[in-house]
Structure formats: C-alpha cells, structure tokens
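Okay, so here's the structure we're looking at.
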Amino acid sequence: MKVKKAVIPAAGLGTRVLPASKSVPKEMLPIVDKPAIQYIVEEAVASGIEDILIITNRGKSIMEDHFDRSPELEQRLYQSGKQQLYEEMVAISHLANIQYVRQKETKGLGHAVACAKSFVGDEPFAVLYGDDVIIGEIPATRQLCDAYEKYQKGVVGIQYVPTEQIGKYCTLAVEPIEPKIFAVSDMIEKPKPEQIISNYAILGRCVLPPDIFSLLENLPAGAGGEIQLTDAMRLVAQREGMIGVVYDSKRYDMGNKLGILQATIEVGVRHPEIGKEFQEYLKEFVKTLG
Ligand code: UTP
Numbered sequence: 179m180k181v182k183k184a185v186i187p188a189a190g191l192g193t194r195v196l197p198a199s200k201s202v203p204k205e206m207l208p209i210v211d212k213p214a215i216q217y218i219v220e221e222a223v224a225s226g227i228e229d230i231l232i233i234t235n236r237g238k239s240i241m242e243d244h245f246d247r248s249p250e251l252e253q254r255l256y257q258s259g260k261q262q263l264y265e266e267m268v269a270i271s272h273l274a275n276i277q278y279v280r281q282k283e284t285k286g287l288g289h290a291v292a293c294a295k296s297f298v299g300d301e302p303f304a305v306l307y308g309d310d311v312i313i314g315e316i317p318a319t320r321q322l323c324d325a326y327e328k329y330q331k332g333v334v335g336i337q338y339v340p341t342e343q344i345g346k347y348c349t350l351a352v353e354p355i356e357p358k359i360f361a362v363s364d365m366i367e368k369p370k371p372e373q374i375i376s377n378y379a380i381l382g383r384c385v386l387p388p389d390i391f392s393l394l395e396n397l398p399a400g401a402g403g404e405i406q407l408t409d410a411m412r413l414v415a416q417r418e419g420m421i422g423v424v425y426d427s428k429r430y431d432m433g434n435k436l437g438i439l440q441a442t443i444e445v446g447v448r449h450p451e452i453g454k455e456f457q458e459y460l461k462e463f464v465k466t467l468g
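Positions 179 to 468 (the numbering used here) are the ones given, in order, by the sequence shown.
Right, here's the structure in full:
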C-alpha cells in the first residue's frame, strides 16, 4: 500500500528555544528566509505525500496563515513588478492539501500523533517531526516510504548517535538486512547508560501502520511524564518488527539553539541569492575567532 498521508506534530512547547518560541512556534523559526515547517511540508510533497495534517495548538495559528493566500501582499508584489516573489508566495498556498487539528493539552509526541486518528483512517502514514528539518537530494520521507512499500512494516528514520548524546534520544535493537537498512526489534526512549542497546536512534521521521492508534490510546505516560510515540512503536517493533532506514540527508534540530545556528550557516552558504557573499563574510569572520 502506498503512503499518501503525513502528520506533522507541531504543538510542542519548545522550551529549549525560549524566549524565541514564546509567541512564535519553533516550527516557524526561519532558516535564512523560509520557516522550518515549510521545508518539512516541501519534503513531504517531494516524497509523494498528497494530504498533510499539522498538529497545532493555541497560539500557533500563524502556521495556518503561512500556508494560506495573502491577497494584500500578493497584490502589492504583483503591482510592483515583483513577479517571481509573487509566484513564490502564491505557490506556498498550493503546496499540498493541508489540514490542521489542535492538540488541546501538550501531553507529548505520542498524544499529538493520536490526534491524527480520524485524518489517517485505515492507511499507513508518515510522521515528520515539526522541528526536524532534513535536507538532502533524496527526501528522507521518500526513503522511508520506499522501505515501507518494500517490507510492508513500520519504518523509522535512524542515525548513529554518539554514546554521550543517545540518552537524549532513544536506543534501538538493530540487525542489518541491507546496506543502511536494519530490522528493529526493540527500542527504549531516553535510555539510561545501562539501558543503551545500540547507538542508533530514531531521528525525525517514521512511517507507521494505522494500528498504532489503538496502541497509543492505551499507553501510560512514559519518559518525562509524556505519552511517548517511541513507547507505542516499541510494541510494534516487539510484536512484528520494524525497519530502520539510515537516511542519506542532513538533519537540523530546530528545537535546539545549536541546531538553529548550524542550519542557518549551512543553508546560508548554499543560498542562491546570498550564499557567495555569506561565504566571504564567514571566511573573514572565522579569522577573528581565537
Ligand atoms: P519535542 O520533543 O522537541 O518537544 O517535540 P517540545 O515540547 O516541543 O520541546 P522542548 O523539549 O520543550 O524544547 C518533537 C516534535 O513534536 C511536537 C513538537 O512541536 C515537535 O515538533 N510535539 C511535542 C507536539 O506536537 N505535542 C507535544 O505534546 C509534544
């Protein structure tokens, strides 16, 4: 079965990037000139996704405005001859069929995904974490959907994480089956040092079977007192196995200050309009560092 739907949870509190995220959702923080969530929607569309549900909450309606038409702005750009910018602005509102649902209480990623139950229905669906921008030649979600379609099992996007950092993520029990593809039989969210199974962790993307919803409904709160998506995926991994795909793209964590700076610099130096100038600036600036 082809994966045609995607869910983007974007209702978190973003406490690691306060005060920037106090009134602006972290998913709307820009990388150079585009908000994080637009990169993510573009990745979903480039991966063949047709319908997208963004999970929002109070105070996040600017995400809806971003993907809507903006008649005054468009008219001004058109009348002042800024044709390319005009077309770009109109295109944002035609990127995909985007719907929104509010997560009424911030109870964790698993709880946010559970809000997508009626949107998803009885199909497999992709989850793109709203603060993880992943940039690469082949979209990461496409790589995961290909694996889902090949193995007909839930798929997680994974990366190797150094031991000292893995406690912030999760740890997976993996067995290689193809280059960069693993069978996943277990996982632990936010492992303590003695719980680390491997240095592979789920980062930013997964493709899930619809029966994840019945698992999420009965799940007790896990690490940090939140309903953890990993705890529901663990049950799937233990029951029927999942597939781990080491995606070939660069991930930027927009939920963390360093990630935002890395994204700005790396996307900035490649930017078609200001990339060259920014590189010159950076080369000079680096000389001033001790
Ligand atoms: P995070 O784990 O980064 O959570 O969420 P957070 O609460 O936003 O961040 P901190 O720890 O307070 O800084 C991963 C993704 O899941 C969404 C977030 O918006 C983010 O895109 N999320 C998280 C929800 O939609 N709802 C939640 O209850 C929690």
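Backbone N, C-alpha and C define an ideal beta-carbon position, used for all residues, glycine too.
Open item on the list: Whole angstroms are fine: how far does the CA of residue 229 sit from the CA of residue 183?
Closed with: Within the sequence shown, residue 183 is the residue found at index 5, counting from 1. Within the sequence shown, residue 229 is the residue found at index 51, counting from 1. CA-to-CA, the gap between residue 183 and residue 229 works out to about 5 Å.
TODO: Compare the C-alpha of residue 410 against each of 282, 387 and 422 and name the closest.
DONE: Stepping through the sequence shown from its first residue, residue 410 is reached at position 232. Of the listed residues, the one whose Cα sits closest to residue 410 is 387.
- [ ] Compute the distance between the beta-carbons of residue 347 and residue 399, then report whether it is under 7 Å.
- [x] If you number the sequence shown from 1, residue 347 lands on position 169. If you number the sequence shown from 1, residue 399 lands on position 221. No. Outside cutoff.
Task: Neighbourhood of the ligand UTP [Cβ distance below 7 Å to any heavy atom], ordered by chain position - done: If you measure from each CB to the nearest heavy atom of the ligand UTP, the residues under 7 Å come out as 187, 188, 189, 190, 191, 192, 193, 194, 195, 204, 205, 233, 281, 284, 285, 286, 287, 289, 290, 307, 308, 309, 404 and 433.
Open item on the list: Let me confirm a value: residue 338 is counted as buried when at least 16 other C-beta atoms fall within 10 Å, else exposed. Which label applies?
Closed with: For the purposes of this step, residue 338 is taken as the residue at position 160 of the sequence shown. It is exposed - the Cβ of residue 338 has fewer than 16 other Cβ atoms within 10 Å.
Open item on the list: Is the beta carbon of residue 194 closer than 7 Å to that of residue 434?
Closed with: What you label residue 434 is simply residue 256 of the sequence shown in a count that begins at 1. What you label residue 194 is simply residue 16 of the sequence shown in a count that begins at 1. Yes.
Open item on the list: Within a Cβ cutoff of 8 Å, which residues of the same chain sit near residue 309, ignoring the five residues on either side of it in sequence?
Closed with: Counting from one through the sequence shown, the residue named residue 309 turns up at place 131. Correct list, in chain order: 188, 190, 192, 204, 205, 214, 431, 432 and 433.
Task: Through-space distance from residue 287 to residue 428, alpha-carbon basis - done: Position 250 of the sequence shown, counted from the start, is the residue given in the question as residue 428. Position 109 of the sequence shown, counted from the start, is the residue given in the question as residue 287. Across the structure, residue 428 and residue 287 are spaced so that their CA atoms are roughly 22 Å apart.
Open item on the list: Let me confirm a value: residue 464 is counted as buried when at least 16 other C-beta atoms fall within 10 Å, else exposed. Which label applies?
Closed with: Here residue 464 is taken as the residue at index 286 of the sequence shown, counted from 1. That one is exposed.
Open item on the list: With a threshold of 8 Å, are at least 3 pairs of Cβ atoms found where one atom belongs to the stretch 290–308 and the other to the stretch 229–248?
Closed with: The stretch 290–308, when compared against the stretch 229–248, does touch it at the 8 Å Cβ threshold.
TODO: Quick one: give me the first and last residue of the beta strand (DSSP E) that residue 360 is part of.
DONE: For the purposes of this step, residue 360 is taken as the residue at position 182 of the sequence shown. Per DSSP, residue 360 belongs to the beta strand (DSSP E) from 359–367.
Open item on the list: If distances are taken between C-alpha atoms only, which option among 210, 252 and 461 comes closest to residue 168?
Closed with: Because the chain spans 179 through 468 in this model, residue 168 falls outside it and cannot be assessed.
- [ ] Step through the CB atoms of chain B and report whether any lies within less than 7 Å of the CB of residue 369.
- [x] Note that chain B does not occur in the displayed structure, where there is just one protein chain.
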